[in-house]
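Student: The structure that follows is given in the form of structure tokens.
Protein chains: 2
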Amino acid sequence: MIKIAENTIKRLIVYKKELNRLKAEGKKFIYSHVLAALSGSQPHLVRRDLMAVGYSGSPAHGYSVKELESSISDFLCSSRQVKVILIGIGNLGRAIIDYCHKQNPKIAISSAFDIDPNKINKEYHGVYCFHIDTARNYVIENEIKVAIITVPDSEAQTIATALSDAGIRGILNFTPGRLRVPENVYVENADMMLYLEKVIYFVQNV
Amino acid sequence: MIKIAENTIKRLIVYKKELNRLKAEGKKFIYSHVLAALSGSQPHLVRRDLMAVGYSGSPAHGYSVKELESSISDFLCSSRQVKVILIGIGNLGRAIIDYCHKQNPKIAISSAFDIDPNKINKEYHGVYCFHIDTARNYVIENEIKVAIITVPDSEAQTIATALSDAGIRGILNFTPGRLRVPENVYVENADMMLYLEKVIYFVQNV
DNA sequence: ATCACGCTGTGAAAATAATCACATATTATT
DNA sequence: AATAATATGTGATTATTTTCACAGCGTGAT
């Protein structure tokens, strides 16, 4: 497989999101410069990025919204549906369940896990919560590949290790600490404080 | 001012976080290769990034943890303390207030705003919540420069426009939509669904 | 006092990413 | 049917970012 730049992936995900919106609005075709404007990108870059996807538009109408959306969607994620688990039913965990629920039908949070007995055996926006100790088996039995970690900092490494042992392949980590995981586990750190610091930097310095 | 790459900024923020942890652990000195390992970076890149900050280490001991932390901190954010407001007391808003509270003493969420009467005039982790219509005046009177938006999608653009008019300079947007704001307002989009899609891509394709 | 070691700081090189520029294609118009 | 207008797709170019490589320095050992 040809190597695709990480930035290209990030932009493709944004294009896809915009295309979905356009599709819902009933728009049929879109030009690279319009998609660029909607996505905070550049027309040249949109076309360059789409080379990776392999979808071709028409000089007359631009890209078919529906076809391009489905091409990018297939490129980014070949499976029909991806099952994800979430560890840690705090405010953040609940926000994510709610959000995912309405946002992307291709991604389903199939179960949640927590250590607090008050949270276990309840449903949150349709997602059932089990005891955290059962997560390991759940991952094995259901061949879960991706987990979202929204537990308190102190628990993060323990659960990351357990999940890695059970065969998880990707973690979205909302914890501020850096997780030590095997080489073959991809970790994306989403430390919200860091985003805030970035905003503050650009406000003060640009 | 010399232009600093956005990636450099992101890494510096991570270095700072790690240095803070090391400081708390009582570590006095650190080498570039250790800091790199802790931050998911490379020794060369650490040294290159630190050129922007202008702090010099010693070949014998590496960098003084305390001094380097404070140099990066000053570089990223010169003010003693930054006041930030948060719009939208949902699960996500509460999670952020809680998190910010314990994470970074230099950044303070000075007030929160919501439209729901049940949430107004209450405190959340010590942050008082006002009616959303008062946000505009609050920004003007307190010279607030940075806002966090965690309202439902449909409200985001309205509040972003109001805040921009009131003189906000940076927005951390947790809403999936792209905000239209004046040129001089910096927007950082933190769409959690996008991070999740990124993880899924790398799990399936790398 | 001298030497060896291992680090930092940085110019230079390599790799990567973004932009340009234009040949090509498609449609609407005359 | 020919022409004009406009957008795509991509080789070439430029800009940016990362990595390399090594001089120079400070420390501890001999």
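Note that the protein sequences, when read in sequence, are chains A and B.
Residues 17 to 222 in this note's numbering are what the first sequence spells out, letter by letter.
Residues 17 to 222 in this note's numbering are what the second sequence spells out, letter by letter.
The beta-carbon is built from N, C-alpha and C at its ideal position, and this holds for glycine as well.
With 8 Å as the threshold, decide whether the Cβ of arginine 196(A) is near any Cβ in chain B.
Tutor: As a working mapping, residue 196(A) is identified with position 180 in the first sequence. Arginine 196(A) does not count as touching chain B.
Student: Between the region 135 to 150 of chain B and the region 38 to 52 of chain B, do three or more beta carbon pairs fall short of 8 Å?
Tutor: No contact exists between the region 135 to 150 of chain B and the region 38 to 52 of chain B.
Student: Taking only the alpha-carbon atoms, compute the straight-line gap between leucine 51(A) and glutamate 213(B) and give it to the nearest angstrom.
Tutor: Looking up residue 51(A) in the first sequence gives position 35. Looking up residue 213(B) in the second sequence gives position 197. The straight-line gap from Cα to Cα measures roughly 19 Å.
Student: Please decide whether phenylalanine 129(A) counts as near chain B, where near means a Cβ-Cβ distance under 8 Å.
Tutor: Residue mapping note: residue 129(A) aligns to position 113 of the first sequence, counting from 1. Judged by the 8 Å Cβ criterion, phenylalanine 129(A) is not in contact with chain B.
Student: With a threshold of 8 Å between beta carbons, is alanine 151(B) in contact with chain A?
Tutor: Counted from its first residue, the second sequence places residue 151(B) at position 135. No, no contact with chain A.
Student: Does DSSP classify phenylalanine 91(A) as helix, strand or coil?
Tutor: Numbered from its first residue, the first sequence carries residue 91(A) at position 75. In this structure, phenylalanine 91(A) counts as helix in the three-state DSSP scheme.
Student: Spell out the partners DSSP gives histidine 147(A) in its beta bridges.
Tutor: In the first sequence, residue 147(A) corresponds to position 131, counting from 1. Its beta-bridge partners are Asp130(A).
Student: How would you list, in chain order, the residues of chain A whose beta-carbon sits under 8 Å from the beta-carbon of cysteine 93(B)?
Tutor: Against the second sequence, residue 93(B) aligns to sequence position 77. Here the neighbours are Glu213, Ile216, Tyr217 and Gln220.
Student: What runs of the alpha helix (DSSP H), each 4 residues or longer, lie entirely inside the region 157 to 206 of chain A?
Tutor: Runs found: 169 to 181.
Student: When you check each C-beta in the region 120 to 147 of chain B against every C-beta of chain A, which residues fall closer than 8 Å?
Tutor: Hits within the stretch, in order: Asn120 and Ile123.
Student: Serine 72(B) to glutamate 85(B), Cα distance in whole Å?
Tutor: Numbered from 1 along the second sequence, position 56 holds the residue referred to as residue 72(B). Numbered from 1 along the second sequence, position 69 holds the residue referred to as residue 85(B). Straight-line Cα distance between these residues: approximately 12 Å.
Student: With a threshold of 16 other CB atoms inside 10 Å of the CB of threonine 191(A), please say whether the residue is buried or exposed.
Tutor: The sequence position of residue 191(A) within the first sequence is 175, counting from 1. Answer is buried; the Cβ neighbour count reaches 16.
Student: Helix, strand or coil: which one does DSSP assign to glycine 109(A)?
Tutor: The residue given as residue 109(A) occupies position 93 in the first sequence. It is helical.
Student: Report the neighbours of alanine 111(B) on chain A: residues whose CB is nearer than 7 Å to its CB, in chain order.
Tutor: Indexing the second sequence from 1 puts residue 111(B) at position 95. Result: Gly106, Asn107, Leu108 and Ala111.
Student: For isoleucine 165(B) and proline 75(B), what's the separation of their Cα atoms in angstroms?
Tutor: As a position in the second sequence, residue 165(B) is number 149, starting the count at 1. As a position in the second sequence, residue 75(B) is number 59, starting the count at 1. Their Cα atoms are separated by approximately 45 Å.
Student: Is alanine 154(A) near isoleucine 101(A), with beta carbons less than 8 Å apart?
Tutor: Taking the first residue of the first sequence as position 1, residue 154(A) is located at position 138. Taking the first residue of the first sequence as position 1, residue 101(A) is located at position 85. Correcting the residue type first, residue 154(A) is tyrosine in the shown sequence and not alanine. Yes.
Student: Does DSSP put tyrosine 115(B) in a helix, a strand or coil?
Tutor: Within the second sequence, numbered from 1, the residue matching residue 115(B) stands at position 99. Tyrosine 115(B) falls in the helix class under three-state DSSP.
Student: Could you check whether the Cβ of valine 69(A) sits closer than 8 Å to any Cβ belonging to chain B?
Tutor: By 1-based counting over the first sequence, the position of residue 69(A) is 53. Valine 69(A) does not count as touching chain B.
Student: Buried or exposed, going by whether 16 or more other CB atoms sit within 10 Å of the CB of arginine 185(B)?
Tutor: Taking the first residue of the second sequence as 1, we reach residue 185(B) at position 169. Arginine 185(B) should be labelled buried.
Student: Pull the bridge partners of alanine 124(B) from the DSSP assignment, please.
Tutor: To locate residue 124(B), count along the second sequence from 1; it is residue 108. Bridge partners of alanine 124(B): Lys99(B).
Student: Taking the alpha helix (DSSP H) that asparagine 23(B) falls in, what are its first and last residues?
Tutor: For the purposes of this step, residue 23(B) is identified with residue 7 of the second sequence, where counting begins at 1. Unbroken alpha helix (DSSP H) run through asparagine 23(B): 22 to 41.
Student: State whether the region 20 to 30 of chain B contacts the region 59 to 72 of chain B, with contact taken as three or more CB pairs (one from each stretch) at a distance under 8 Å.
Tutor: Yes, they touch.
Student: Name the DSSP bridge partner or partners of phenylalanine 45(B)?
Tutor: Numbered from 1 along the second sequence, position 29 holds the residue referred to as residue 45(B). In the DSSP output, where bridge partners are listed per residue, phenylalanine 45(B) has Ser80(B).
Student: I believe leucine 108(B) touches isoleucine 29(A) by the beta-carbon criterion, under 8 Å. Please report the beta-carbon distance rounded to the nearest angstrom.
Tutor: For this step, residue 108(B) is matched to residue 92 along the second sequence. For this step, residue 29(A) is matched to residue 13 along the first sequence. Rounded, the Cβ-Cβ distance is 20 Å, inconsistent with contact.
Student: Hey, out of Gln220(A), Val81(A) and Gly70(A), whose CA is closest to asparagine 36(A)'s CA?
Tutor: Here residue 36(A) refers to the residue found at position 20 of the first sequence. Considering only alpha carbons, the answer is Val81(A).
Student: Determine, using beta carbons only, whether alanine 172(B) and asparagine 189(B) come nearer to each other than 8 Å.
Tutor: Position 156 of the second sequence, counted from the start, is the residue given in the question as residue 172(B). Position 173 of the second sequence, counted from the start, is the residue given in the question as residue 189(B). Going by C-beta atoms, alanine 172(B) is nearer than 8 Å to asparagine 189(B).
Student: Taking all protein chains shown into account, do 16 or more other C-beta atoms lie within 10 angstroms of the C-beta of isoleucine 175(B), making it buried, or fewer, making it exposed?
Tutor: As a first step, residue 175(B) is located in the second sequence; it is residue number 159 there, counting from the start. The residue is buried, with at least 16 neighbouring Cβ atoms inside 10 Å.
Student: Distance cutoff 8 Å, beta carbons only. Does valine 81(B) sit that close to anything in chain A?
Tutor: Here the question's residue 81(B) lines up with position 65 in the second sequence. Answer no: the Cβ-Cβ gap between valine 81(B) and chain A never drops below 8 Å.
Student: Name the chain A residues whose beta carbon is nearer than 8 Å to that of glycine 186(B)?
Tutor: The residue given as residue 186(B) occupies position 170 in the second sequence. Residues of chain A passing the Cβ test: Val215, Ile216, Phe218 and Val219.
Student: Provide the residue(s) that pair with serine 74(A) in DSSP beta bridges, ordered along the chain.
Tutor: In the first sequence, the residue the question calls residue 74(A) occupies position 58. Answer is Gly78(A), bridged to serine 74(A).
Student: Starting from the C-beta of serine 127(A), find all residues in its chain whose C-beta is less than 7 Å away, skip the five residues before and the five after it, and write them out in chain order.
Tutor: Position 111 of the first sequence, counting from 1, holds the residue named residue 127(A). Excluding positions up to five away in sequence, the list reads Ile101, Val143, Tyr144, Phe146 and Tyr154.
Student: Is the Cβ of aspartate 90(B) closer than 8 Å to any Cβ of chain A?
Tutor: Position 74 of the second sequence, counted from the start, is the residue given in the question as residue 90(B). Output row for aspartate 90(B): interface = no.
Student: Could you tell me which chain A residues have their CB closer than 8 Å to the CB of alanine 206(B), listed as they occur along the chain?
Tutor: Position 190 of the second sequence holds residue 206(B). Under the 8 Å cutoff, chain A gives Ala206, Met208 and Tyr211.
Student: Rounded C-beta distance between alanine 124(A) and lysine 99(A)? I'm assuming under 8 Å.
Tutor: For this step, residue 124(A) is matched to residue 108 along the first sequence. For this step, residue 99(A) is matched to residue 83 along the first sequence. Confirmed, about 6 Å.
Student: If I'm right that isoleucine 105(A) touches aspartate 130(A) with Cβ under 8 Å, what's the distance once you round it to whole angstroms?
Tutor: Residue 105(A) sits at position 89 when you count from the first residue of the first sequence. Residue 130(A) sits at position 114 when you count from the first residue of the first sequence. Right, their Cβ atoms sit about 4 Å apart.
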